[in-house]
Every structure is written in C-alpha cells, then in structure tokens.
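Student: Chains as they are written, first to last, in the numbering used here: chain R, 1 to 249; chain E, 1001 to 1720.
I'd like to ask some things about the structure below.
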Amino acid sequence: MKTTAVIIDDEEGARESLANILTSYVPNVEILGKAASASAGYKLINEVKPQLIFLDVEMPNENAFDLIDKFDSVDFEIIFVTAYDHYAIQAIKSSALDYLLKPIDIDDLQSAVDKVGCKMNQPQKDEQFELLLESVNSDKPLKKIAIPESDGLMFVDVNDIIRCESDGNYTIIYLKNDKRIVSSKTLGDYDEILKNNEFFRTHRSHLINLKEIHKFVKSDGGYILMSDKSEVEISRRKKQDFLSRLAEF
Amino acid sequence: MKVRILITLTSFIWCISFAQQPLFEQLTIENGLGSNNVYDIDITRNGEVWLTTDNHLCAFRGLGFSTYEVNDSSLTGLFLDAKGMIWVYSSNGNIYDFDGIRLKKVSTEATDILQSSLTNQIVFESKNTFWASTIIKGQLIKIENLNPTKIELPGESGYFVKELKNGDYITGTGINPETSNQLHVLFQDETVQIPLTQKGVGTKSSFLVLNDGTFLFSKDFELIHFDKNHVLNRVFVEKNITSLFQDSKEQIWIGLYNGGVICYPDETISSKNMITYLGANSITSIIEDYSNNIWVGTLNNGVFYLPEQQIVKYSAPQLFSDTSSKIEQTLGIKTLGSSNTASVSDLRIISTRSTIYDSIPPTIYINNLRIMNRDTIIQLNYVLPYNLNFLNINYIGFSYKNPENIQYKYRMIGIDKNWTYTNNNSVQYTTLPPGEYEFLVSSMNKNGIWSESNAKLKFEITPPYWKTWWFIFTMLASFFLISGAILFLWIRNIKEKQHAKSEIDKKIASAELQALRAQMNPHFMFNTVSSIQHYITTNETESALRYLSKFSKLMRRILDNSKTATITIKNEVQTLDLYLSLESLRFKNKLMYVIDIDKSIDQNYDEIPAMLVQPYVENAILHGINHKEGVGTINVSITRENEFIKCIISDDGVGRKRSVEINKSKNKKHKSAGMSITRERLNILNEAQKNETNIVINDLVDKSGNPAGTKIEIYILTEN
C-alpha cells in the first residue's frame, strides 16, 4: 500500500527535484499532485485527500502555516520543507513534527517518510498542529510543547515542567504532581526547544525551570533545591551564569 | 450622735478593706466618687464629708458617696458657712449654692465681677462674706451679702492677696520684676518683707496660720515659717507645695504636687523630723474631720482617708476649731476664723526693719571633695582624667544666729542649667563627661540672705586619648587615605581587567571571523562544486545528489556554528565528518578517516570553540595524504586530559619535511592560513585561562626511521 502524497512549493525546481527523488528513491510514495501556492495546495488537498503533504514553509502571499490554519481538522501528515528558517524549525521541533532541509538529502527523506508511516494513525494531530500554529504566531516563550514518548505524544504545559534530566539519549522530564515522562529526545534538544523560556542548563545532565527553584544552597559547591524537593547539581562553570540569570529573573 | 455613726461606719470600711495596717484608705470613683480629681474637701458639723470633683459635689455619709452634678466641669472649691450652707465655686468665676438637692448658680453683680475680672481666683467666705483676689494688680474683692466691694491695697500689691485677721493682709508682688520675689505681709502696724528664693508670677502659693499664731507660707518648693517679727525657719522640699494644714495634734501636713504628703509630727519643721506618705500623688487639699481622721484629696486618685489611730504621734484630741486651716487652691485668699474684717483705712505701712532679720550673710565653704570615693585635698582647680569622674562634694554654711537653718543652692556650670536648692550639704556627680566645669555653692540663712560669694571648684575632665581631636583626626585621615588608596587600586585593577577582557574579546571575535573565512576555503568550495559538476556530466545522479546534500549540510553547519562561540563536541565531530566525507569523495579511494571520541567526553555537553580542528585536518589531507602514494588514513581522536580536551589529528602521510620539499619542487607557495588562525585562537583562549602548551606537533617515523606522517595534539581548556 503506497502512501499518497502531494507537494506544495512555490519553486518549480524544488517541486520537480523532490518529485524525482521520491520517484527514484522512495518508491512507496505515490504523488497525487503538485501545487505552487498555499491556496492551490488547499484546493488540491481537498480534492485528492492525500495522506502526506510535503509543504514548503516559505511561500509568497500565504505560507505553510496559513495553509494549515485553513483546516479545522487535519487528517493528513505533513513533512515541512525549508531552505533555511530557524524560527519555523524551532516551532516545528517543539510540536514534534518532521521537516526536511533543502537540498533534499535522500537518506533524510527516506527516514522522514518511514517515520510518517509509523505514526499515520496517531490520534493527536489536531492538537499538534494547534500547538505549532500557536508557537509560530507568537514571539512569546512557548506555553506548551509536544513530547514524544514511547507510545505517542504527550502535550505538556511548559509551566508544569520542574526540570529535565538526561539519561543517555533519553530525557526524563519531571512534572508537577510527581509525574514524569521519558522522552526519546536528548536533553540538548530540550535545551534548544526551551531556549526562549525561563529554563537554564545547570549541568550536563540537568535543565531546570527557573520558576520552580525553591532555593539555591551555596554550601558543598552549590546545588539547587527545586519545588519538588529534588536537588539539582550545578557545574562550576555554570554557576556565574546561573547567578546572573537569577538576578535578572 | 451622727459623729459616732460616721466613726462606726468609717471604722467598718477600714476593717473590711484593710486588715494589714495600711496607713491610708483610698476612696475613688469605684466607691461612688464623682471623679478621681478631688479639688476640695470640707466637713460639716454633723460629720458629713463634702468634696468637689470636676463637675460633681459629692457627700460622704459613711457608706458611700452621694453625687450632685452641675454643668460646670471646673468646680474647684467649696465652703460651709456658719449656717451650714454649702457654697461651691468654680475656677471660671461661678458661685453655686446647694439647697440639699441641687446646685444653683448664684447670679449677682458679684458673680459678674468675678466672671469678668478674676482670671484665676478663689473665693472664700466668712459667714455671708466672700473674699476674692485677682491676679491682676492684686485686687481684693469683698463680697458681703453678695454685694461686691473692691478693696485697694496700698503699695504695689502683687499676684496674691489674702486677708489674715482683723485687717492684716499678706500679699505677694508680681508686677515689678525687681521685687516680684518678695513676700509682703501687711500687718496693721507694720509691713514685713520676706525675700523669696524663686521669682515668678502665677505659681502655687499657700498660707496657713498655725495654732501658736505663727505663719506658714509656701511658694513653689520653698516653705517659710515666720511670725510678726522673724523668719523662724526656711525649708526647701523636693516638689512644689500645693497645700498646708495643721491638725488638732499640732502636726503640720504639707501637700505636694507629684510628691505625696509630708507630715512634721511636731511643730519643728526640719528634714530630720518628717514622715512622707502617699508616694507621688498630686495633693490638692488636706483636712481633718471631727473624729480626727485626716482626709487628703488628690488629682487622679480620689481621696485618701487616714484613720485617727494610724497617725504617728498621738496627743489628746482637740476640737477642730479653726476653719482657717482649710486648704485653698492656688492664688487664693482666705479669711481666718474671725468675722471681724478691718477696713482698708486701718492699714498702715511701716518700712521694713533689718533688725527683725538675721541680716548677716552666711559664709560658705567646701569642706570635702571625694574623687572616686577617695578623699582629696581641696584645691581650686582639678584636671582629672576621663576615668576619675565620680565626684562627691561636701560643703557647709555658717550662720552665727541660726546655724541650724541654713539652706543651700549649688550649680555645676557645664552640666546644670539652673541652681538646685536643697538643705542637704553634699552633692554627688557621677560619670561627668569630658569637659570643663565650675562648681558653685551658696548658702542662705533663714531670712533669705545669701552668702556674699559662692564657694567654687573648677574641674577639667580630660577626654581619653581616643576621643582627643588629634587622635580622631589622625585616625580619620589615615582611614580615608587607606580606603582611598584601596579604592583607587581596586578601580584601576577593574579597569585594567575590563580593558584586557575587551582586548581579548576583540581578538577572539576577529579570529573567529578569520576561522570562518578559512573554512569557507575557496579552494575547497570550488573543488567540491567542480566534483559535483563532474558527477552531473557523467550522469551519476545519485552521487551528485549525495555530494550536493553533504556539501549543503556542511555549509549550513559552518554558517550555524559561526553564530556561537562554542559548539558541542558532537556538533564539531559531525561537521568534521561531513568535511572528511566530502574530501574522501574527492580523493576517491585515497582517503580513509577514523573519528574516535573517548568515553570521557560527553559529546552532547562538552563544548569547544567552533571550527578549531578542521584546519589541521585539512592540512593533513593536503600535505600528508595528498602527496602519498596509495591510501592514506587520518585519525581524529578526542579525549579528556584533566581540564583540557585533547584533540589528536594524525596522518600516515609523507611527513612535514617531505611535504615542504615537494611543495618547493612544485614551486608552490602554500600559506596555511587556517592553522595559524587556530594557533592564534588557542593562544588567546588558553592564555586568557593561563595555559602554556596549546599545540604539539610530532613528526612520526616508522620502524626504520623514515618519516611516517604527522601527529598534532591540540589542547583546549575547558572545565570538567
């Protein structure tokens, strides 16, 4: 069973080369059509009802997010395609969505399509896109993030996160109410996603929510007592930064 | 009969309330008194005790008080006339008579005069005659059957006027400051002037005729006992005197303001012969009832009652006969018991005769000075260190006529603002602060004649050395000097540091820019693009695509990494991997590479400056592997060594020497910009953190000693 897809990109070269690469290297994708703008893409999607959309982020007039906004409910997957747009990538990452960079790398494309196949029937798409639009349309720190877990996505209020701790390539996220989530992203990823929020990397294994600090204990080289009574190490190198961050906080 | 009832009742109260022999019983508002401010007390012949409180007339009939309210809150005095009528007067000039049920305001020409002209008066009465005195010009007003007559007194009468008896008057002057501290006693046949210690108008004064016919006069703290010819005695007490009274046992009672009651048990008025009662109460009036019980009115604390048997000295009871001993308010007048009042024309003024005085001034000596409780020899001047500042001064005055009646005043100039009056002949000064002082003491005989000169002592208490001006100045100066110097050095140090830091920052920034340029090495870029071109022309689409995507990923990374000062080792390694894989595409089958990261490195966390290692790798390829025949291998390993991250880039190429030779032979001028930039950056970074070895270059040799490549070690300082 092939995955049905459409390509929406304002540049003809990009559309054609993606189509060619898909045809040559990702044979389990069937391209139902191509569109050169968001509005044309909207029509096309409603017409052919694809399972997957390759969507260029930056397009004249209406961009990718304007297009998504037109749908009340989303019943397709999107792989974003962008040449160089950090701001959008940040939002896409925080919503746990997929993206490809131009020029398209064959291996990246294959793994992205594979991933989409895995989560095709995941039920929380609407929530995920809602989160994406929210974080794209506001310059304020993120309110919510989507955290990929072993069995799906978890939407978490950023204010509910007390701290994140790395565990190899996984990250344990400690929430209020003593809940915890084990995420398949690294602590570095969360450091990146939450860089505009009031979070601070105190240590190679710790990222903490500054709002949830109970107190900073200076003895024994210093450690931080969080609101859930957990103690968090702070590395020597970070102490100065931490204190000045606290001062402005 | 009624007297007996009162005695029984009061004794009853006494027995209930006070089992443990206290002296006084207190009756207050809780016993039904109108207010705790009692201004006057009088006793009727049937034993009722009448009192005025603020706006009540109160009667004590044994069990409790009956109160009669009047709309006048300044009732000050009451008087029982010969018919038993009760008259009440208030300080604002109103007179009330009491008909047994209520107080009625008396409104006549007399009260009009009192209300308009007497600013601070007391009205007294003898039968149906009132006497009132004003404080203005000492006017005396006689009010007979409620008809006023103004009586002009001769001479300069002062701020209080009283009729004594049969046309004898006592006045004090208050107009002329020169003579305002004189007491004038105007007898019918002569005038006596008695000097007063304190000047002043409007202060409290009281007057009493004692049972033996002598007079007692008080003003402020001064008590003068005199008769028609002599000043018999003069005493200073601790507080201002408010009232005087002599009871039927000849005991003299002195009421004080804030000082309770002094009782002189016999007629000798002296500090050795006295008993004090009632602590610090403010006394308004003292009176004795027909059962010889003493009643004392106070401000704030109601009335105190001293049962007869408690009085210290017992003598045969006498009938209480002299109403003149009733106590009055300030600036009052009163009449004596006699109803005969003399007309003014009977008064004659006779000039004062010095013969009635002890006119010889007493002498005064300082007879002992003790410093820190040790006797010293009397000198005129003392210079004492700060810790010998506890002084006891004894002085003595000699009066030939009345050696027992000497009073003193003393003053320590430098600490006392005013003279202190006392009958004590010693004074103590404790912990005098450093400074200059002069002690003056003078004595006065009973007639108020002060010694002609004061006895003096001069003291200088020197400050401790740490309080002297030169010490404080030196300390302050050195303090400011030292702290100024510290501040100056500190600021200079900070400035230097800031300067140095900004220099380093500048250098780092420019080195980073150069590093970026070096990585965007045109040689490498265009060679890569040309390789892609090659794949396109030979229709190797997939290779072209892979090559292209790697190239774009590398460019993206270089751009991204140029934005931050440091990147994670993972990032650096991935960038290096992209670079090496591009180069290995170029040098088909000629370049192999291994990147090895030690476990001691946390790739996701440990950071190093971006693009630091790449130039050495590039150099190894261009000069080591490029010239080698066959496959060359580049080894990149990253390990931790203490606080340093150590990068080893080794190749198995031709070695440095050979490379230089080859380049020479090819007449190639190669300038390794990238490496020198890295060296410079490391110097800046590590120097800022005090390190010496940054880059170590080893030429490798094989077993037979031939060059076998180059090994470069880069040390980057980080914190663990």
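We put the beta carbon where it would ideally sit given N, CA and C, even for glycine.
Along the stretch 192-214 of chain R, where does the CB come closer than 9 Å to a CB of chain E? Name the residues.
Tutor: Correct list: Arg201, His203, Arg204, Ser205.
Student: Taking Cβ positions only, does E/Asp1602 come closer than 8 Å to chain R?
Tutor: Along the second sequence, one-based indexing puts residue 1602 of chain E at 602. For E/Asp1602, the answer is yes, since a Cβ of chain R falls inside 8 Å of its Cβ.
Student: For E/Pro1361, which residues of its own chain have a beta-carbon under 8 Å away from its beta-carbon, when the five flanking residues on both sides are left out?
Tutor: In the second sequence, counting from the first residue as 1, residue 1361 of chain E sits at position 361. Correct list, in chain order: Asn1445, Ile1449, Trp1450, Ser1451, Glu1452.
Student: How many Å lie between E/Leu1183 and E/Ile1461 at the Cα?
Tutor: Working through the second sequence from its first residue, we reach residue 1183 of chain E at position 183. Working through the second sequence from its first residue, we reach residue 1461 of chain E at position 461. Distance between the alpha carbons of E/Leu1183 and E/Ile1461: 42 Å.
Student: Using DSSP with H/G/I as helix, E/B as strand and the rest coil, what is R/Arg180?
Tutor: Here residue 180 of chain R corresponds to residue number 180 of the first sequence, with the count starting at 1. In the structure shown, R/Arg180 sits in a strand (DSSP, three-state: E or B).
Student: Between which two residues does the beta strand (DSSP E) containing E/Lys1456 stretch?
Tutor: Counted from its first residue, the second sequence places residue 1456 of chain E at position 456. 1455-1461 is the span of the beta strand (DSSP E), which, as asked, contains E/Lys1456.
Student: Within 10 angstroms of its Cβ, does E/Gly1624 collect 16 or more other Cβ (buried), or is it exposed?
Tutor: As a first step, residue 1624 of chain E must be located in the second sequence, where it is residue number 624. Result: buried.
Student: Check the Cβ of E/Ser1552 against every Cβ in chain R and list those closer than 7 Å, keeping chain order.
Tutor: Mapped onto the second sequence, residue 1552 of chain E falls at position 552. The answer, in chain order, is Pro103.
Student: Under 9 Å between beta-carbons, which chain R residues line up against E/Thr1028? List them in chain order, please.
Tutor: Here residue 1028 of chain E corresponds to residue number 28 of the second sequence, with the count starting at 1. Result: empty, since nearest Cβ-Cβ is about 60 Å, beyond 9 Å.
Student: If you check the beta carbons only, do E/Tyr1039 and E/Thr1067 fall under 8 Å apart?
Tutor: Position 39 of the second sequence, counted from the start, is the residue given in the question as residue 1039 of chain E. Position 67 of the second sequence, counted from the start, is the residue given in the question as residue 1067 of chain E. It is not a contact, given that the beta carbons lie outside the stated cut-off.
Student: Mind the definition here: the stretch 1598-1608 of chain E touches the stretch 1581-1590 of chain E only if three or more C-beta pairs lie below 8 Å; say whether that holds.
Tutor: At 8 Å Cβ cutoff, the stretches do not touch.
Student: Do the stretch 2-13 of chain R and the stretch 36-51 of chain R meet, that is, are 3 or more Cβ pairs less than 8 Å apart?
Tutor: Judged by Cβ distances under 8 Å, the stretch 2-13 of chain R makes contact with the stretch 36-51 of chain R, as three or more pairs qualify.
Student: Give me whichever residues DSSP pairs with R/Lys144 in a beta bridge.
Tutor: Looking up residue 144 of chain R in the first sequence gives position 144. Its beta-bridge partners are R/Asp157.
Student: Within 8 Å (strictly less), CB to CB, does E/Ser1549 reach chain R?
Tutor: Position 549 of the second sequence, counting from 1, holds the residue named residue 1549 of chain E. By this cut-off, E/Ser1549 is an interface position.
Student: Identify whether E/Ile1175 lies in helix, strand or coil by the three-state DSSP scheme.
Tutor: Your numbering for residue 1175 of chain E matches position 175 in the second sequence. Note on E/Ile1175: pLDDT 48, under 50, position unreliable in the model; no value is reported.
Student: So, at 7 Å on beta carbons, what are the nonlocal neighbours of E/Gly1259 in its own chain, with the 5 sequence-adjacent residues on each side left out?
Tutor: As a position in the second sequence, residue 1259 of chain E is number 259, starting the count at 1. Same-chain partners within the cutoff: Glu1238, Lys1239, Ala1280.
Student: Within its chain, find whatever has a CB closer than 7 Å to the CB of E/Lys1570; leave out the 5 residues flanking it on each side and keep chain order.
Tutor: Along the second sequence, read from residue 1 onward, the residue named residue 1570 of chain E stands at position 570. So the list reads Gln1603, Asn1604, once near-sequence residues are dropped.
Student: Quick one: Cα of E/Asn1447 to Cα of E/Phe1398, how far?
Tutor: Here the question's residue 1447 of chain E lines up with position 447 in the second sequence. Here the question's residue 1398 of chain E lines up with position 398 in the second sequence. If I take the Cα positions, the gap works out to 14 Å.
Student: Can you grab the Cα-Cα spacing for the pair E/Pro1022 / E/Leu1208, in whole Å?
Tutor: By one-based count along the second sequence, residue 1022 of chain E stands at place 22. By one-based count along the second sequence, residue 1208 of chain E stands at place 208. Low local confidence applies: a pLDDT of 45 at E/Pro1022 is under 50, so the model's placement there is unreliable, with the coordinate-based value given in what follows. Taking the straight line from one Cα to the other gives about 29 Å.
Student: Taking the continuous beta strand (DSSP E) assigned at E/Gln1246, which residues delimit it?
Tutor: Working through the second sequence from its first residue, we reach residue 1246 of chain E at position 246. Counting along the chain, the beta strand (DSSP E) containing E/Gln1246 begins and ends at 1241-1246.
Student: Check the Cβ of R/Thr186 against every Cβ in chain E and list those closer than 7 Å, keeping chain order.
Tutor: As a first step, residue 186 of chain R must be located in the first sequence, where it is residue number 186. The answer, in chain order, is Asn1604.
Student: In its own chain, which residues sit with a C-beta less than 6 Å from the C-beta of E/Leu1388, not counting the 5 before and 5 after it?
Tutor: Residue numbering aside, residue 1388 of chain E sits at position 388 when the second sequence is read from its first letter. Here the set comprises Ile1371, Met1372.
Student: Below 8 Å on the Cβ atoms is my guess for R/Ser184 versus R/Tyr174; work out the distance and round it to an integer in Å.
Tutor: Taking the first sequence and counting its residues from 1, one reaches residue 184 of chain R at position 184. Taking the first sequence and counting its residues from 1, one reaches residue 174 of chain R at position 174. R/Ser184 to R/Tyr174, Cβ: 17 Å. No contact.
Student: Where does the unbroken alpha helix (DSSP H) through E/Ile1621 begin, and where does it stop?
Tutor: Against the second sequence, residue 1621 of chain E aligns to sequence position 621. From DSSP, E/Ile1621 is part of no alpha helix (DSSP H); its letter is neither H nor E.
Student: Give the interface partners of R/Ile106 over in chain E, defined as CB-CB distance under 9 Å, in chain order.
Tutor: As a first step, residue 106 of chain R must be located in the first sequence, where it is residue number 106. Neighbours of R/Ile106 on chain E, chain order: Glu1542, Leu1545, Arg1546, Ser1549.
Student: Between which two residues does the alpha helix (DSSP H) carrying R/Met1 extend?
Tutor: As a working mapping, residue 1 of chain R is identified with position 1 in the first sequence. It is not in any alpha helix (DSSP H) - R/Met1 carries neither H nor E in the DSSP assignment.
Student: Going along the chain, which unbroken runs of the beta strand (DSSP E) with 3 or more residues stay wholly within the stretch 1034-1074 of chain E?
Tutor: Here the runs fully enclosed are 1040-1043, 1049-1052, 1056-1060, 1065-1069.
Student: From the DSSP output, which residues share a beta bridge with R/Gln240?
Tutor: The residue you call residue 240 of chain R lines up with position 240 of the first sequence. Paired residues: none, contrary to the question.
Student: With DSSP collapsed to three states, give me the class of R/Ser17.
Tutor: On the first sequence, residue 17 of chain R is found 17 positions in, with the first residue counted as 1. Note: R/Ser17 maps to helix in three-state DSSP.
Student: Tell me which residues share the same chain as E/Val1654 and place their Cβ nearer than 8 Å to its Cβ, disregarding the 5 neighbours each side in the sequence.
Tutor: The count along the second sequence starts at 1 and reaches residue 1654 of chain E at position 654. Within the same chain, E/Val1654 has close Cβ partners His1623, Gly1624, His1627, Lys1628, Ile1662, Pro1707, Gly1709.
Student: Distance, Cα to Cα, R/Thr3 vs R/Gly117?
Tutor: Within the first sequence, numbered from 1, the residue matching residue 3 of chain R stands at position 3. Within the first sequence, numbered from 1, the residue matching residue 117 of chain R stands at position 117. Taking the straight line joining both Cα atoms gives about 8 Å.
Student: For chain E, check one thing: does any of its Cβ atoms lie closer than 8 Å to the Cβ of R/Ile21?
Tutor: Here residue 21 of chain R refers to the residue found at position 21 when the first sequence is read from its first residue. Yes, its Cβ sits closer than 8 Å to a Cβ of chain E.
Student: Could you spell out where the alpha helix (DSSP H) holding R/Gln90 opens and where it closes?
Tutor: Residue 90 of chain R sits at position 90 when you count from the first residue of the first sequence. Taken as a continuous stretch (DSSP letters only), the alpha helix (DSSP H) holding R/Gln90 covers 86-94.
Student: Are any of the Cβ atoms in chain R nearer than 8 Å to that of E/Thr1538?
Tutor: The residue given as residue 1538 of chain E occupies position 538 in the second sequence. For E/Thr1538, the answer is no, since every Cβ of chain R falls outside 8 Å of its Cβ.
Student: Just mark R/Leu243 as buried or exposed, buried being the case when its beta carbon has 16 or more other beta carbons within 10 Å.
Tutor: The sequence position of residue 243 of chain R within the first sequence is 243, counting from 1. It counts as exposed.
Student: Quick one: Cα of E/Tyr977 to Cα of E/Gln1198, how far?
Tutor: Outside the shown range of chain E (1001 to 1720) lies residue 977 of chain E, about which nothing can therefore be said.
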